[in-house]
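If you're matching positions, the sequence shown starts at 4 in the numbering used here and goes up one per residue.
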Amino acid sequence: KTPSQVHVLIALFLSTVVMSANIFSYKAGETEVFDTGRDNIRVKVEELNEDVARVILVDEKGNPINIAEEMKFINKATKNGISPVEVKGQKSYLITWINSYELHVGNQKIFRLEAQRGHVKKENPNLAKYLVENDQ
């Protein structure tokens, strides 16, 4: 391989590693904590059911932090702020897999959750083989 091909492979590997570490799935029991890189604020996302998750703002030790007035959690589609609600005794923002969201502190966006829609192609190789063999 040429040096440029090696650099491309390394870049693809690194981007895959980084991307896989920043994914949340609505699978049963899924919980992820993401670092915002700002003022000891982390975003904990916890699945509640197959369509809804909650976002809790936590510190570096995982303890819930108080939601300050200058913190705004926004639905990107509507540009509306989402009000926190009590879930399991903690102030939480409820989210769905349909929309994307942003966390702002003052006028600065410090975190974004992007919804990714798609379909996974799954085939039964035996079925395809059967159809091909019997079509002759």
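Even glycine gets a Cβ: it sits at the ideal position worked out from N, Cα and C.
- Secondary structure of residue 77 (DSSP, three-state): strand.
- Under the three-state reduction of DSSP, residue 82 is assigned to coil, being neither helix nor strand.
- CA-CA distance, residue 82 to residue 64, rounds to 31 Å.
- Your pair residue 85 and residue 77 checks out as a contact, with CB atoms roughly 7 Å apart and the cut at 8 Å.
- A direct Cα-Cα distance of roughly 6 Å separates residue 68 from residue 62.
- In the DSSP assignment, residue 113 falls within the beta strand (DSSP E) that extends over 111–116.
- Nearest to residue 93 by alpha-carbon distance, out of 58, 80, 114 and 118, is 58.
- In the DSSP assignment, residue 98 falls within the unbroken beta strand (DSSP E) covering 93–99.
- Contact annotation, residue 117 with residue 103: C-beta distance approximately 5 Å; criterion of less than 8 Å satisfied.
- Bridge partners of residue 56 according to DSSP: 50 and 98.
- For residue 90, same chain residues with a beta-carbon under 6 Å away, outside a window of 5 residues either side, are 57 in chain order.
- Of the residues assessed, residue 44 falls on the buried side of the cut-off, its CB having 16 or more other CB atoms within 10 angstroms.
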